[in-house]
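First residue of the sequence shown: 27, per our numbering; consecutive thereafter. Okay, so here's the structure we're looking at.
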Amino acid sequence: MTPCQWPSTDGHRSGGRASRAEGRRSMKIKKLELFGFKSFVDKTVMKFDHDVLGIVGPNGCGKSNIVDAIRWCMGEQSAKHLRGRSMEDVLFNGSESRGPSEYAEVTLTFENDLPEELPLEFKDYAEIAVTRRLHRSGESEYLVNKEQVRLKDVTDLFLGTGVGTKAYSIVEQGKIGLIVSAKPEDRRMLIEEAAGITKFKSRKKQAERKMEQTEQNLLRVGDIVAEIERNLGTLKRQAAKAERYVSYRSELEDLQLYEATHRYLEHSGWVRRQSAEVSRVGAESDEIRTRLEQDEADFEALRLEGAEVEANLEAATSGHFAAENAVRGEEAAHARAVDRKSALVAREIAAAAERETLVTEREALLVESAELRTQLDFLEADGNGATERLQAEAARLAELQQSLSTAERLGESLRASAGKANTEIATAHAKLESFSARRAEMEDRVARLDFEAEELGARKKDLEGRLARFESELEDLKAAKAGAAEELSVADARLAQLRTSLLASEKRVESARAEAQKQRSRLGALQELAGRLDGVGAGAKSLLSAGDPALRGLVAEFVEAPSTVTTALAAVLGSRLEHVVVRDVDRGLELLEALGKAGSGRAALIPEFLPFVAGGRPLPSDADLTGVIGPLVDQVYYAPEHEGLVRSLLGDALLVQDAVVARQLRDRHGFTTVTHEGLVFDAEGSIRGGSGEAMAEGMLDTKREIRELELGVEHALGHGLAAATADAAFGVEDEAFVGD
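Rendered as structure tokens:
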């Protein structure tokens, strides 16, 4: 079993509780809580309520993971110091029976024995609990007493207390010999940490850095003030122009108000005329409605009359049909009577002939009897009206067969029947004539009723057409009235909208002009400041002041960076920002020779278009990219045609998060690395840092601000032009609308 050397709970590596060094107290660890950190998949709580000399256990049980957890919780950013390749290695990766942990969390609880040496916000707490949480997605959280803080706050908390990732309280295996054999200046760091002055030195560096930045800002402010004083005369003239503009603007507003009043009066007159027209249309509508109601009453009366006529017509038609049926019946009866008369006459003639021949020929009776039977059959087909008489005749014929004497009586009977038939025929003729007259009368009446019905139908169609026209005219008048009212309302709303939009557009124009003028003034000051080449070496300034066309300008004019990368870019390029870009190398050599003869200083030239393309090399596939932001050349801006120039200047420089990552990449792979704070680890071994590149940063900041102001002026002018165009369009639309 391998023991794990453990720092004593009061911060000293000794058995038992050591004495306070010179009366100075340090922070004591009270409790350690782990969850999901390396081998501690379940929540584990370790309480240190007594002195701890060490932790002993078999190999692989997690002794070193406890020290890693303490170091990690106090803000360690190097995965190498935590015995891993990346920060995700601190998360429990799972086993055969357990799944991987989604996050790792470590909480260190300290007794607050040093309230006077801690930040103000932590002095009132008896205990301080520092928590660090890392999610598998890469999100990291820091908490102090369950309140979220920054990594810087955690680092500042441990400064000067003897506790921290690089403090003397944690000494790794093999580091004791390194400390003993270290150089005095390296050993001094441990002594200063033990003395509690590292936080003051850190604050001193921050204060000095801020003072240097303030001095540079004061210099820039002085230059700007001088520039403003030089432009004061111009500004006074512009102020006078602005005052005249305000006067003219006030006069223009009065004129516009007068014009708007005149337009309003015209519009009011137009509204009154439209109202009168609407009233007139309403009166006409009422009159048409009255006429329409009268026509509807007339139409109803005609409809009732037509219904009565139709009823009479139907009655007459029924009577006509009944009369026709009666006439047909009488005609049929007359025809039957004529037939009976003819038959009776024939029978009378036959009877007379038989009477004459009966005396001599009895046999003829049989023949006559057969004929009489034939006639009897014929008479039976004539109808029910002569059935009885035919039967009587049949009986008489039978009697004639029996006796000749009955023939005479039969003749008498036949003559009586013939007389009766003649009477019936005359009666039938009279009825037929009566029915014919009645039929003619009925036909005349039907013709008159048909004519009247046609007239009523035509009049009905005419009334319906007039009614439809009146209804259509009434609907048109109602629609015209509603349309006029709606147009009037829309006109008022649109006029108010146009005037509101016009005022808003005028305000936008004024605002855009003021903003453009403000940015133009600032741009002029910066351009003049950049044109003076303050801070540039005498040689480069002398070359550029000559105005030779072969010289394109300083390197600082060909590359630009965001504000977050400006410090790093200035640190890498350094004095090369003052190199003069030359288009013709031969001409540049001539200018350098002339510069040396004149004794105006030294200058460095760089060709604008290199005959070769220099650039960075890619990172090895096995390189640890934790903390690497990317190649510096990919973080800056430049014109496409100057890519070769910029790549030759920046080379394979990498932008990283902190000095630890920068040093590792330089030592392992030979890359030039730089942090956001401007700390440069050159590939050849040198390390550059500090605040000596403030002038270079100022050159880059001035160039970036000039470009942003140029874009801002163009944007403001574009907005002003758009607003002015909108003003003109609104004015034209307003005039056209009021004219309508």
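Think of the CB as a built atom: it goes at the ideal place given N, C-alpha and C, for glycine as much as any other residue.
What does DSSP give as the partner residue(s) for PRO633 in the beta ladder?
BP columns for PRO633 point to VAL608.
In the DSSP assignment, find the unbroken alpha helix (DSSP H) run with GLU767 in it and report its ends.
The chain is shown only over 27 to 766; residue 767 falls outside these bounds and no answer can be derived.
Is TYR129 helix, strand or coil by DSSP?
strand
Would GLU131 be called buried (16 or more neighbouring beta carbons within 10 Å of its own) or exposed?
buried
Ordered along the chain, which non-local residues of its own chain (more than five positions away) have a Cβ less than 6 Å from that of HIS668?
PHE584
In terms of residue numbering, what span does the alpha helix (DSSP H) encompassing SER90 cover?
89-99
Would LYS225 and LEU177 qualify as a contact pair, given that the criterion is a beta-carbon distance under 8 Å?
no
For the candidate residues PHE707, LEU108, MET100, ARG298, whose alpha-carbon lies nearest to that of ASP94?
The shortest C-alpha separation from ASP94 is found at LEU108.
Would DSSP call ALA649 helix, strand or coil?
coil
Of the residues ARG628, ALA624, TYR663, which one's Cα is nearest the Cα of THR592?
TYR663
Measure the alpha-carbon distance for GLY578 versus LEU675 and round it to whole angstroms.
The residue asked about is misnamed: residue 578 is Arg in this sequence, not Gly. Each residue's Cα considered, the two are about 16 Å apart.
With H, G and I counted as helix, E and B as strand and the rest as coil, what does DSSP make of PHE347?
helix
For the alpha helix (DSSP H) that contains ALA688, what are its first and last residues?
685-695
Using the Cα positions of PRO29 and ILE217, report the straight-line distance between them to the nearest angstrom.
Because the pLDDT of PRO29 is 38, which lies under 50, any placement of that residue in the model is unreliable, and the number read from its coordinates should be weighed accordingly. If I take the Cα positions, the gap works out to 27 Å.
Thinking C-beta only, is PHE697 closer than 8 Å to ALA685?
no
Could you tell me the distance, in whole angstroms, from the CA atom of GLU793 to the CA atom of GLU469?
With the chain represented from 27 up to 766, any question about residue 793 goes unanswered, as that position is not in the structure.
Can you tell which of GLN103, LEU79, SER712, SER65 has its C-alpha closest to the C-alpha of ARG124?
SER65
Let's see if you can read the secondary structure: which residues bound the beta strand (DSSP E) around PHE61?
54-61
Spell out the partners DSSP gives LEU160 in its beta bridges.
ALA130, SER166
Exposed unless 16 or more other CB atoms sit within 10 angstroms - verdict on PHE635
exposed
Rounded to whole angstroms, what is the Cα-Cα separation between ARG471 and PHE347?
13 Å
Between GLU450 and ALA361, which are expected to be in contact by the criterion C-beta below 8 Å, what is the C-beta distance as a whole number of angstroms?
Not really, about 12 Å apart at Cβ, beyond 8 Å.
Reference ARG14, options PRO575, ARG492, VAL598, ARG692, closest by Cα
What is shown of the chain runs 27 to 766, which leaves residue 14 out entirely.
Under the rule that 16 or more other beta-carbon atoms within 10 Å means buried, what is ASN91, buried or exposed?
Buried.
At which residues does the alpha helix (DSSP H) containing LEU676 begin and terminate?
In the DSSP assignment, LEU676 falls within the alpha helix (DSSP H) that extends over 669-676.
Would you mind working out which of LEU599, PRO575, ALA576, PRO588 sits nearest ALA582, comparing C-alpha positions?
LEU599
Helix, strand or coil at LEU680 [DSSP, three-state]:
Residue state, collapsed to three classes: strand.
Go ahead and label LYS89 buried or exposed: buried means 16 or more other beta carbons lie within 10 angstroms of its beta carbon, across all protein chains shown.
Buried, since its Cβ has 16 or more Cβ neighbours within 10 Å.
Check whether the Cβ atoms of LEU680 and LEU691 lie closer than 8 Å to each other.
A contact, by the Cβ cut-off of 8 Å.
Go to LEU580, then tell me how far its beta strand (DSSP E) extends in each direction, as first and last residue.
Residue range 577-580 is occupied by the beta strand (DSSP E) that includes LEU580.
So for SER34, helix, strand or coil by DSSP?
Unreliable placement is indicated for SER34, whose pLDDT of 38 sits below 50; the coordinate value is still reported in the next sentence. Looking at SER34 - three-state DSSP - the assignment turns out to be coil, as it is neither helix nor strand.
Taking C-beta to C-beta, are VAL307 and ALA506 nearer than 8 Å?
Taking a C-beta distance under 8 Å as the contact criterion, VAL307 and ALA506 qualify as a contact pair.
Inter-residue Cα distance where the pair is LYS487 and LEU328
Roughly 11 Å between the two C-alpha positions.
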